[in-house]
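Read the structure below first, then the notes.
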Amino acid sequence: MKIKHIALAFFTLSFAFSYAQERTKDTIDDQVVNVVKPYTPTISDAFKIKDTPRLKDSNTVKKKNVKYNIFSIPVASTFTPAKGKAATVDKAKAVKLFDNYASLGVGTYTTILGEVYLNYELSNGENVGGYFSHHSSAGGIDGILLDDDFTKTDLNVHYSQKLRDFSWKVDAGFDLQTYNWYGLPEIFFDQTTADQIDPGHSFNSFYVGGKLKFDDAIIKDGSVRFRRFGDDQDSGENRFVAKASFDVPIQDQEINTEFSIDYIGGSFDNDFNGANEIKYGNVTFGLAPSFQLTQDDLTVDLGVKLVYLNDTEFDDNKFFIYPNIEASYRLVDEILIAYAGIKGDLIQNSYYDFANENPFVSPTLFVAPTNQQYKGFLGLKGKLSNNVSYNIKGNYYAEEGKALFKANEAQTFASEDYQFGNSFGVIYDDVTTFSVAGELNIDVNRNFTFGIK
7 MKIKHIALAF
17 FTLSFAFSYA
27 QERTKDTIDD
37 QVVNVVKPYT
47 PTISDAFKIK
57 DTPRLKDSNT
67 VKKKNVKYNI
77 FSIPVASTFT
87 PAKGKAATVD
97 KAKAVKLFDN
107 YASLGVGTYT
117 TILGEVYLNY
127 ELSNGENVGG
137 YFSHHSSAGG
147 IDGILLDDDF
157 TKTDLNVHYS
167 QKLRDFSWKV
177 DAGFDLQTYN
187 WYGLPEIFFD
197 QTTADQIDPG
207 HSFNSFYVGG
217 KLKFDDAIIK
227 DGSVRFRRFG
237 DDQDSGENRF
247 VAKASFDVPI
257 QDQEINTEFS
267 IDYIGGSFDN
277 DFNGANEIKY
287 GNVTFGLAPS
297 FQLTQDDLTV
307 DLGVKLVYLN
317 DTEFDDNKFF
327 IYPNIEASYR
337 LVDEILIAYA
347 GIKGDLIQNS
357 YYDFANENPF
367 VSPTLFVAPT
377 NQQYKGFLGL
387 KGKLSNNVSY
397 NIKGNYYAEE
407 GKALFKANEA
417 QTFASEDYQF
427 GNSFGVIYDD
437 VTTFSVAGEL
447 NIDVNRNFTF
457 GIK
């Protein structure tokens, strides 16, 4: 077997060698021919074939006509399909709005309370209106030596217009209030002394202001207001407040900034002892930048408030820095929301605010601002159901120079109608306050809500 393989290999090599020898005898050598010709493409018109070619295919199968008949046989059926009905969506009833409103109420001690709201649309987006209210009582409390009747009347007119990119409003008003310093200590005075006292006193004020709101601009809104407040004891107070808020874009964040100017100045003819005139005046400049951080269910507002105070009467300047931080976290969607924050501010006190909170103050007040160093709060709020909501909140305040009311002592040789222990003064002290509050609101229906606080 090996001999056959060796013979076959030898025969193959011999054939290859002899073929190679024959190739070497070829007299034509290999040549290289280079043909150089530039490529010049051309575009020719395409012609559409208009004639349909005829095919001669012997395998073409002709269509065969098929004839058939349908025998319709009725089938008894007791099924009757019901007619379809489109699903309806309950549409909320539109709230009916009224241009005008009036109310009147009466009560004991011949008390009358009336209000009138008027509004008229001049054109699309242009309105004019007014407001009038009156609250009075004829008095008649048993055991009172002095008159105890009072009246309070407010009048306001306004004009507003809404344009394409902004809206604005101007308003003006007048207030008139009359009261009596009727809180006479009966253990020191009798009816004979009371008959010599005229406890009646009145307050009046006039104000004018305006608001401006932009829809899409760096400045979001602004407002100005001037008020003149006085009484029948020759006391007077002027106050001017201007505010503006705007957004400052920085990279991907928007810094919301609020700027304010608050001026107040006034005077009283006498102090409580009737010795000296009281004058006061302050102007504050406030700047409060803040920005909001959101991540999932957490929302945090980080900010600070800067206030510069200039005492125009005592030529004293101060600078305050207050925190302005608030955060909320949705623990269980709308059911349970935790929130907390810490803020502060310089509160501008005024004779107007004191008289509205306690109309029995004497026209001998010392008016100064309150430094609210911080106001911390912590709470939980949410919904127990679609129509039941709750809110629980705890507060802790730290205030320096807080205004407090104090009953004035009766003067031995009283010469003014408010010096018989029947009026209040104002003192200032450092106060820390802790409070806890809770509320529960139940929306019975669209027009009735029941709340507990």
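Numbering-wise (our numbering), the sequence shown opens with residue 7 and increments by one. For every residue, glycine included, the Cβ atom is placed at its ideal position computed from N, Cα and C.
Hey, D351 and Y328 are a contact pair by Cβ (cut 8 Å); roughly how many whole angstroms apart?
About 6 Å separates the two Cβ atoms, so the contact holds.
Nearest residue (CA-CA) to I353, options Y396, F297, V289, D227
Residue V289 is the option with its Cα nearest to I353.
Based on DSSP bridge pairs, tell me the residues matched to N316.
According to DSSP, which records beta bridges pairwise, N316 is partnered with V289, N323.
A250 beta carbon less than 8 Å from that of I225:
In this structure, I225 places its C-beta atom within 8 Å of the C-beta atom of A250.
If you run the structure through DSSP and keep just helix, strand and coil, what is F419?
Reduced to three states, the DSSP call for F419 is coil.
Helix, strand or coil for F360? Go by DSSP, reduced to three states.
Correct three-state label for F360: helix.
Just the Cα atoms here: how many angstroms apart are F326 and L312?
Between F326 and L312, the C-alpha separation is close to 6 Å.
Specify the secondary structure class of A200 as computed by DSSP and reduced to three states.
A200 falls in the helix class under three-state DSSP.
If we count Cβ pairs, one from each stretch, closer than 8 Å, do we get three or more for the stretch 120 to 133 versus the stretch 143 to 155?
The stretch 120 to 133 makes no contact with the stretch 143 to 155, as fewer than three CB pairs between them are under 8 Å.
Output yes or no for whether 8 Å exceeds the beta carbon distance between E422 and G280.
A Cβ-Cβ contact shorter than 8 Å links E422 with G280.
Identity of the residues DSSP links to P295 by a beta bridge:
For P295, DSSP records a beta bridge to T263.
Which class does E132 belong to by DSSP, given the choice of helix, strand or coil?
E132 falls in the strand class under three-state DSSP.
Over what stretch of residues does the beta strand (DSSP E) that includes W174 continue unbroken?
Residues 172 to 186.
Residues near F426 by beta carbon distance below 7 Å, same chain, minus five either side:
Cβ within range, chain order: L190, F195, I203, A416, A420.
Can you tell me whether L304 is buried or exposed, with buried defined as 16 or more other CB within 10 angstroms of its CB?
Burial call: exposed.
Going by CA-CA distance only, name the one from K69, D181, F383 that's closest to A466.
As displayed, the chain neither begins before 7 nor continues past 459, which places residue 466 out of reach and without an answer.
Can you tell me where the beta strand (DSSP E) with A409 in it begins and where it stops?
For A409, the enclosing beta strand (DSSP E) starts and ends at 394 to 413.
Determine the DSSP secondary structure at E28, reduced to helix, strand or coil.
Here E28 scores only 45 on pLDDT, less than 50, and its place in the model should not be relied on; the value that follows carries that caveat. Per DSSP, reduced to three states, the secondary structure at E28 is helical.
Y345 (DSSP reduced to helix, strand or coil)
Looking at Y345 - three-state DSSP - the assignment turns out to be strand.
Please go through the same chain and pick out, in chain order, the residues whose beta-carbon is closer than 6 Å to the beta-carbon of E28, but skip the five residues on each side of it.
Note on E28: pLDDT 45, under 50, position unreliable in the model; the coordinate value appears next. Taken in chain order, the list of residues that qualify is empty.
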